[in-house]
Every structure is written in structure tokens, then in C-alpha cells.
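S.K.:
Protein chains in written order, with this note's numbering: chain A, 12 to 534; chain B, 113 to 205.
In C-alpha cells, the structure reads:
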């Protein structure tokens with residue numbers, strides 16, 4: 012087993028050079044080609060001043076070239092920073108300034124993001140990944156043509172390092188404040204998860220793994236590095252395809268995808284609009300889901316539609332990647348309300364602690380703490396590097412069931428107080444999505460009241476019916492006061508429901524100076 | 113009078129507690145099982161009745177039976193108004 016990302020592809024370039032490594036939109040790269048292109052990128056970075064530890068931005072749609080650039084950065088000893096192609100310029104500026112990115116690999120059509128807002132600083136080198144005229148950039152920034160990269164040697168560089176605990180990539184997450192902060196992840200972090208997951212499902216060169224999650228989202232770590240570690244083929248399900256249920260299902264079928272890892276929403280989209288219920292997808296043998304709670308009624312539908320597939324609920328914040336996992340071995344019976352998040356994975360150890368950091372008795376809810384090989388190195392934030400607390404406090408509430416399985420009880424920041432009552436938003440959301448006429452639901456507290464935003468699947472569903480349904484299973488203080496029916500949920504670029512955006516749209520942005528708690532106290 | 117009070121309470125509950133969605137709601141709808149009544153909304157509804165109809169409600173009036181529906185709330189307002197005018201009649205003479 013390799014212990015650094017930069018080494019993953021090399022053995023397969025010798026063993027199975029003509030096997031497709033990345034099957035992208037309009038371009039497929041074999042292991043030989045991917046390996047050579049990664050070396051060319053590494054040389055291009057090195058000759059333009061990249062030294063080990065430097066950050067290299069990758070501002071590209073998901074593609075073989077983007078993966079070659081990330082691999083090339085790792086081979087030059089650098090740290091790759093995936094930049095979301097759908098991100099607005101101010102956010103890009105925050106990220107490249109925060110971690111001082113001087114080199115960016117970019118699709119020519121994304122350059123406008125940078126030049127229009129004249130936000131090139133601190134970036135000095137843009138590497139275009141397609142032919143075309145070189146843009147005029149404000150000095151000292153300059154552009155390098157695609158042919159300049161291809162003109163580099165494809166010979167390997169001497170290994171930049173042997174140390175698996177060095178920083179490999181930064182994933183910027185929004186955090187509760189909305190200011191992006193960089194989660195620092197090492198080669199060991201990535202590979203302890205990828206190897207564990209690959210072993211779990213016996214990932215083999217014959218597998219065709221879907222790439223659904225954006226590269227700046229931690230779900231993609233499996234897609235990229237487990238696939239390439241095992242000499243399998245990564246099939247890109249591109250950014251527009253993931254917005255359409257029918258097109259996603261068509262991609263699975265036509266490419267005979269065998270392994271799928273996404274947020275539950277993508278599967279729900281294929282169930283509701285893609286025909287997954289009726290057509291199934293016989294090629295799929297493994298379905299991983301993570302990132303948000305899978306409403307159990309939709310999970311039952313997915314398992315019914317894909318009887319041949321193994322289903323796994325993976326759990327963990329970006330800071331620990333996957334630290335718990337649960338295989339859903341049978342369709343949950345009707346009386347089951349929630350499935351476990353399972354047992355520690357990837358060699359991690361967990362503890363469930365109360366507010367005084369004492370272990371809670373079995374069955375009681377406490378905060379999940381994690382230590383082990385997947386726990387991040389720390390945060391890169393405001394130009395500062397802060398080491399991770401160990402064990403890492405996840406901010407997630409969990410409890411150990413009598414059979415030893417861990418159950419999820421929501422986020423610390425989703426635990427709200429409304430008029431003195433502690434309310435777990437996940438519990439309200441689970442009650443809401445239990446209604447057959449509700450597709451998705453988000454609960455939040457604002458203005459001293461409990462709100463629910465609901466996307467109905469039944470157009471005749473009334474607010475009264477929703478309240479009545481809640482009142483039948485929840486105490487009165489957990490029945491949302493404000494219920495808003497929406498045609499569609501706003502989503503983040505990672506496909507999850509955009510909670511912050513939703514709240515801001517419905518209520519307006521939160522007031523400064525803790526106005527929230529003030530107001531709820533006066534009510 | 114009675115119809116005006118009923119319509120006003122109906123409108124208040126629909127706009128404040130049902131996000132304006134009137135579907136399925138009528139003046140006999142059970143407010144408790146509809147998830148509309150809790151300790152907070154009970155206070156708000158009381159305040160609304162007192163402000164708009166000058167009906168002084170005692171804590172004892174706020175029992176589940178009187179709060180059960182728009183019709184029940186209308187009845188309690190009417191009975192309070194009747195009691196008020198009966199009580200105030202002698203002093204105005």
C-alpha cells in the first residue's frame with residue numbers, strides 16, 4: 012500500500028498502461044497518459060517556482076486534466092487546493108489570499124472570473140488546460156499555454172518527500188460563520204480512508220467508480236484516490252448531469268458504473284425524476300452515501316430499486332473525513348425511524364463525552380470525539396495554521412445503542428433553543444420528512460420561533476396538514492410555528508441543501524450582536 | 113357582531129399560525145391537535161383577543177375547552193363581552 016498520493020498512479024502506468032484511469036466528458040485518459048501528464052504538470056510547476064509545501068489552485072471542472080494537475084502538484088511536493096468552478100470571484104479571492112496561492116491551473120472559460128474582478132493577486136502563474144489565445148493579465152500575473160505544459164518532460168521527478176504526514180490538500184468549507192476556512196489534510200488522512208473503503212468493497216481494476224461530488228467536497232477523496240490506488244476507472248458524472256435525475260441514471264447505465272458515492276439528494280433526484288424506481292441500475296454494486304441524513308423512506312425506495320447493491324452510510328465531518336460507517340444490510344422495516352451511523356472506521360477511535368468531557372453511559376447522547384489517522388492536521392484560516400484538537404470534537408451529537416451501533420442525534424449547531432426549550436432540528440426534520448407528502452424539509456430557529464421550509468411532493472399538502480402531522484408525534488414546542496412551502500430547495504455546490512441561504516431568503520440575514528438570543532429572551 | 117368576531121379570529125389564526133394557508137382549516141378545526149396551540153401561542157391568542165375585543169380574560173378562561181377552535185374562541189369572547197356590558201350597565205346609569 013502506497014502512503015502518499017503522488018505515488019498512486021505510477022505502478023498502474025506500468026502494470027495496466029492502457030486501462031482507462033479517468034473517463035471524462037469528451038476526454039478519456041489511460042493510466043499511462045494520466046501518469047505522463049501528472050509528471051508534465053509537476054515539471055511545469057517546478058520550473059515556475061513551486062517548492063514543496065506551496066499551494067497550487069485547481070480551478071477546473073472535474074476532468075482527467077484536473078486530476079493530473081492535482082497529482083502533479085503532489086509530485087512537486089505541493090499542496091493542491093480545489094477551487095469550485097461555480098464559486099463567485101469574492102470567495103475565490105478569499106481562498107487564494109488566505110493560503111497564498113501563486114499557481115493556478117485553470118480552464119480558459121473560467122479566467123474571466125479573475126480578470127473581471129482583477130483579483131489575480133497573489134496568483135502569479137495561470138496554467139491554461141486548453142488551446143487558445145493567451146489572455147492579458149495584470150502584472151505580475153502571467154498565463155502559460157497548454158502547449159507549454161505538454162512541452163514538459165513526462166519523466167518522473169525524484170520523490171519530493173517520503174513523509175505521509177505532510178499536507179496534501181486543502182478543502183475550504185464554509186463553517187458556521189460563512190467565512191471559508193481551509194481544512195488541512197495529509198496524505199495519510201486521504202489514504203487511510205481510501206484504502207479502508209477500497210478494502211471494504213473489494214475495489215478492483217474492473218470497477219467503474221462514479222465521480223459525482225465536486226473536488227472541493229470531501230466525498231471526492233474516495234472517488235479520486237481509492238479508484239486510482241486500485242487501478243480502477245473513474246467515470247466523471249459532470250456538473251450539469253448531476254442536476255438531472257434522468258441524465259444521471261443514463262450515465263450510470265451507459266457507462267456501467269459499479270460504485271457510487273454521493274449525498275442522498277442525488278439518489279432522491281434519480282428516484283423522483285430519473286426513473287430509478289422503475290428501471291433500476293443493474294451495474295451498481297456499491298452505493299455509499301454521506302453528507303446529510305438520508306430520509307429513511309427514500310432509502311427504502313433506493314434499496315428496493317437496487318436490490319443487488321450493497322448500501323453504506325458513511326459519516327464524518329470534513330475534518331475527520333469518514334470516521335464511522337454502517338452497512339445497511341436489509342431494507343429497514345416500517346417501524347424503524349433512523350439507521351445507525353455504525354462503528355468506527357479507518358482505524359479511528361471514538362469517544363462520546365458530556366459537557367464536562369466525561370464518557371456518557373450507553374444510550375445517552377453526548378458529543379462525538381474522534382482520534383486516529385483520518386483526523387485533519389488542522390485549519391488554515393486567516394493566513395494562520397492551527398493544529399487540530401485531539402481528540403477532535405466533531406460538534407455532532409451521538410448515542411451508543413444497546414447493540415453497540417452509534418446513532419446520530421444532530422449537530423451541536425443544529426441544537427437550538429426556542430423560548431427556553433432545547434430543540435434538535437434533526438428530530439423535527441425527521442418528523443417532517445416522515446409525512447408521505449413531503450419530499451424534503453429543513454428546520455431552523457429565527458426570530459425566537461421555530462421555522463420549517465418544506466418541499467412538498469404533494470401539491471395539495473396544506474400547512475394545517477403538516478402541523479397536524481407534527482403535533483401527532485412531537486411535543487407542542489417542537490411543532491414549527493412558521494411553515495414555508497417551497498417549489499425547490501436551494502442547494503450548495505456540494506449538492507446539500509443550503510441551510511444558510513434558505514434562512515437568509517426566508518428571514519433575512521441574522522442580526523449582529525447576538526440579537527437572536529436577545530430577541531428570543533424577550534419574547 | 114358574532115360573525116365579525118369569528119371572521120377576525122379566523123383570519124388572525126390563518127395569517128399568524130398557518131403562514132396564510134387556509135386550506136383544510138375551518139372554524140371547528142381542533143387547534144390543539146392541529147399543532148397550533150402551545151404555551152406560547154396560547155399567550156399570543158389571549159393577547160390578541162384582549163386587544164381587539166376588549167374582552168378581559170382570566171387565567172381560568174384559558175382552558176383547553178375554550179381554546180379548542182375558532183368557534184370556541186368566539187363563544188368565550190362573546191360571553192366576556194356580555195358579562196362586561198352587564199357589569200358596566202349599572203355604573204353608567
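Every residue, glycine too, gets a C-beta built ideally from N, C-alpha and C. Keep in mind the model is a prediction, meaning the values are calculated, not measured.
May I have the straight-line CA-CA distance separating residue 109 of chain A from residue 454 of chain A, to the nearest angstrom?
M.R.: Here residue 109 of chain A refers to the residue found at position 98 of the first chain. Here residue 454 of chain A refers to the residue found at position 443 of the first chain. Roughly 32 Å separates the two Cα atoms.
S.K.: Quick check: the region 305 to 313 of chain A against the region 444 to 464 of chain A, are at least 3 beta-carbon pairs closer than 8 Å?
M.R.: yes
S.K.: Mind checking if residue 127 of chain B is an interface residue toward chain A, Cβ cutoff 8 Å exclusive?
M.R.: Position 15 of the second chain, counted from the start, is the residue given in the question as residue 127 of chain B. Using a CB distance cut-off of 8 Å, residue 127 of chain B does not count as an interface residue toward chain A.
S.K.: Counting only runs that start and end within the region 293 to 326 of chain A, where is the beta strand (DSSP E) found for 3 or more residues in a row?
M.R.: Assignment of beta strand (DSSP E) within the region 293 to 326 of chain A, counting only whole runs of 3 or more residues, yields 297 to 300, 321 to 326 in chain order.
S.K.: Indicate whether the contact test is met: 3 or more Cβ pairs, each with one atom in the region 273 to 286 of chain A and one in the region 247 to 265 of chain A, closer than 8 Å.
M.R.: yes
S.K.: Quick check: what's the CA-CA separation for residue 204 of chain B versus residue 142 of chain B?
M.R.: What you label residue 204 of chain B is simply residue 92 of the second chain in a count that begins at 1. What you label residue 142 of chain B is simply residue 30 of the second chain in a count that begins at 1. With a pLDDT of only 44 at residue 204 of chain B, under 50, the local geometry of the prediction cannot be trusted, and the value read off the model is given with reservation. Distance between the alpha carbons of residue 204 of chain B and residue 142 of chain B: 39 Å.
S.K.: According to DSSP, is residue 60 of chain A part of a helix, a strand, or is it coil?
M.R.: Within the first chain, the letter at position 49 stands for residue 60 of chain A. Note: residue 60 of chain A maps to coil in three-state DSSP.
S.K.: Quick one: give me the first and last residue of the beta strand (DSSP E) that residue 422 of chain A is part of.
M.R.: Looking up residue 422 of chain A in the first chain gives position 411. Looking at the DSSP string, the run of the beta strand (DSSP E) that includes residue 422 of chain A is 417 to 422.
S.K.: What do you reckon, are the CB atoms on residue 202 of chain A and residue 236 of chain A nearer than 8 Å?
M.R.: Working through the first chain from its first residue, we reach residue 202 of chain A at position 191. Working through the first chain from its first residue, we reach residue 236 of chain A at position 225. Yes, these two residues count as a Cβ contact at 8 Å.
S.K.: Could you tell me how far apart the beta carbons of residue 197 of chain A and residue 179 of chain A are, in whole angstroms, since I believe they sit closer than 8 Å?
M.R.: As a first step, residue 197 of chain A must be located in the first chain, where it is residue number 186. As a first step, residue 179 of chain A must be located in the first chain, where it is residue number 168. Indeed they touch by this definition, with Cβ atoms about 6 Å apart.
S.K.: Report yes or no: do three or more beta-carbon pairs, one from the region 321 to 332 of chain A and one from the region 347 to 365 of chain A, lie closer than 8 Å?
M.R.: yes
S.K.: Closer than 7 Å by beta-carbon distance: list the chain A residues that pair up with residue 165 of chain B, in chain order.
M.R.: Numbered from 1 along the second chain, position 53 holds the residue referred to as residue 165 of chain B. In chain order: nothing, as chain A lies at least about 23 Å away.
S.K.: May I have the straight-line CA-CA distance separating residue 508 of chain A from residue 500 of chain A, to the nearest angstrom?
M.R.: Residue mapping note: residue 508 of chain A aligns to position 497 of the first chain, counting from 1. Residue mapping note: residue 500 of chain A aligns to position 489 of the first chain, counting from 1. Their backbone Cα atoms lie some 6 Å apart in a straight line.
S.K.: Would you mind giving the Cβ-Cβ distance between residue 55 of chain A and residue 86 of chain A, rounded to the nearest angstrom? I have them listed as a contact below 8 Å.
M.R.: Counted from its first residue, the first chain places residue 55 of chain A at position 44. Counted from its first residue, the first chain places residue 86 of chain A at position 75. In fact, because the Cβ distance is near 11 Å, the residues do not count as touching under 8 Å.
S.K.: At a CB-CB cut-off below 9 Å, which residues of chain A make contact with residue 157 of chain B?
M.R.: Translated into positions along the second chain, residue 157 of chain B becomes position 45. Going along chain A, no residue has its Cβ under 9 Å from residue 157 of chain B, so there is no contact; the nearest lies around 13 Å.
S.K.: Would you kindly report the start and end of the unbroken alpha helix (DSSP H) that includes residue 200 of chain A?
M.R.: The sequence position of residue 200 of chain A within the first chain is 189, counting from 1. Per DSSP, residue 200 of chain A belongs to the alpha helix (DSSP H) from 198 to 211.
S.K.: Tell me the rounded alpha-carbon separation between residue 206 of chain A and residue 405 of chain A.
M.R.: Locating residue 206 of chain A in the first chain gives position 195, where the first residue counts as 1. Locating residue 405 of chain A in the first chain gives position 394, where the first residue counts as 1. Each residue's Cα considered, the two are about 23 Å apart.
S.K.: Can you name the residues of chain B whose CB is closer than 8 Å to the CB of residue 438 of chain A?
M.R.: Your numbering for residue 438 of chain A matches position 427 in the first chain. The contacting residues do not exist; residue 438 of chain A stays about 15 Å from chain B at best.
S.K.: Could you check the C-alpha separation between residue 488 of chain A and residue 345 of chain A for me, to the nearest Å?
M.R.: Numbered from its first residue, the first chain carries residue 488 of chain A at position 477. Numbered from its first residue, the first chain carries residue 345 of chain A at position 334. Cα to Cα, residue 488 of chain A sits roughly 26 Å from residue 345 of chain A.
S.K.: In this structure, what does DSSP give as the bridge partners for residue 114 of chain A?
M.R.: Looking up residue 114 of chain A in the first chain gives position 103. DSSP, once it has assigned bridges, lists A:67, A:136 as partnering residue 114 of chain A.
S.K.: What number of angstroms, rounded off, separates the C-alpha of residue 115 of chain B from the C-alpha of residue 160 of chain B?
M.R.: Taking the second chain and counting its residues from 1, one reaches residue 115 of chain B at position 3. Taking the second chain and counting its residues from 1, one reaches residue 160 of chain B at position 48. Those two C-alpha atoms are separated by around 17 Å.
S.K.: Mind checking if residue 479 of chain A is an interface residue toward chain B, Cβ cutoff 8 Å exclusive?
M.R.: In the first chain, residue 479 of chain A corresponds to position 468, counting from 1. True, the Cβ-Cβ gap to chain B drops below 8 Å.
S.K.: Which residues in chain B sit within 7 Å of residue 488 of chain A, going by Cβ to Cβ distance?
M.R.: As a first step, residue 488 of chain A must be located in the first chain, where it is residue number 477. Listed along the chain, the chain B residues whose CB falls inside 7 Å of the CB of residue 488 of chain A are 150.
S.K.: Distance check for residue 303 of chain A and residue 157 of chain A, CA to CA, integer angstroms please.
M.R.: The count along the first chain starts at 1 and reaches residue 157 of chain A at position 146. The count along the first chain starts at 1 and reaches residue 303 of chain A at position 292. Approximately 39 Å between the Cα atoms of the pair.
S.K.: Hey, would you say residue 269 of chain A sits closer than 8 Å to residue 294 of chain A, going by beta carbons?
M.R.: Taking the first chain and counting its residues from 1, one reaches residue 269 of chain A at position 258. Taking the first chain and counting its residues from 1, one reaches residue 294 of chain A at position 283. Yes, the Cβ-Cβ distance between residue 269 of chain A and residue 294 of chain A is below 8 Å.
S.K.: Can you give me the C-alpha to C-alpha distance between residue 216 of chain A and residue 46 of chain A, rounded to a whole angstrom?
M.R.: Walking along the first chain from the start, residue 216 of chain A turns up at place 205. Walking along the first chain from the start, residue 46 of chain A turns up at place 35. In this structure, the CA atom of residue 216 of chain A is about 16 Å from the CA atom of residue 46 of chain A.
S.K.: From which residue to which residue does the alpha helix (DSSP H) around residue 75 of chain A run?
M.R.: Within the first chain, the letter at position 64 stands for residue 75 of chain A. Per DSSP, residue 75 of chain A belongs to the alpha helix (DSSP H) from 75 to 86.
S.K.: Does any residue of chain A bring its CB to less than 8 Å from the CB of residue 190 of chain B?
M.R.: Reading the second chain from its first residue, position 78 is the one you call residue 190 of chain B. So, not an interface residue.
S.K.: Buried or exposed for residue 161 of chain A, please, with buried defined as at least 16 other CB atoms from any protein chain shown within 10 angstroms of its CB.
M.R.: For the purposes of this step, residue 161 of chain A is taken as the residue at position 150 of the first chain. By the 10 Å Cβ count, residue 161 of chain A comes out exposed.
S.K.: With a cut-off of 8 Å, does the C-beta of residue 146 of chain B fall near any C-beta of chain A?
M.R.: Position 34 of the second chain holds residue 146 of chain B. For residue 146 of chain B, the answer is yes, since a Cβ of chain A falls inside 8 Å of its Cβ.
S.K.: Compute the Euclidean distance between the alpha carbons of residue 151 of chain B and residue 158 of chain B, then round it to the nearest angstrom.
M.R.: Here the question's residue 151 of chain B lines up with position 39 in the second chain. Here the question's residue 158 of chain B lines up with position 46 in the second chain. Cα-Cα distance, rounded: 11 Å.
S.K.: Looking only at its chain, what residues have a beta carbon closer than 7 Å to the beta carbon of residue 432 of chain A, apart from the 5 residues adjacent to it on each side?
M.R.: By one-based count along the first chain, residue 432 of chain A stands at place 421. The answer, listed in chain order, is 488.
S.K.: Going along the region 489 to 502 of chain A in order, which residues come within less than 8 Å of chain B, judged by CB to CB distance?
M.R.: 490, 492, 493, 494, 495, 496
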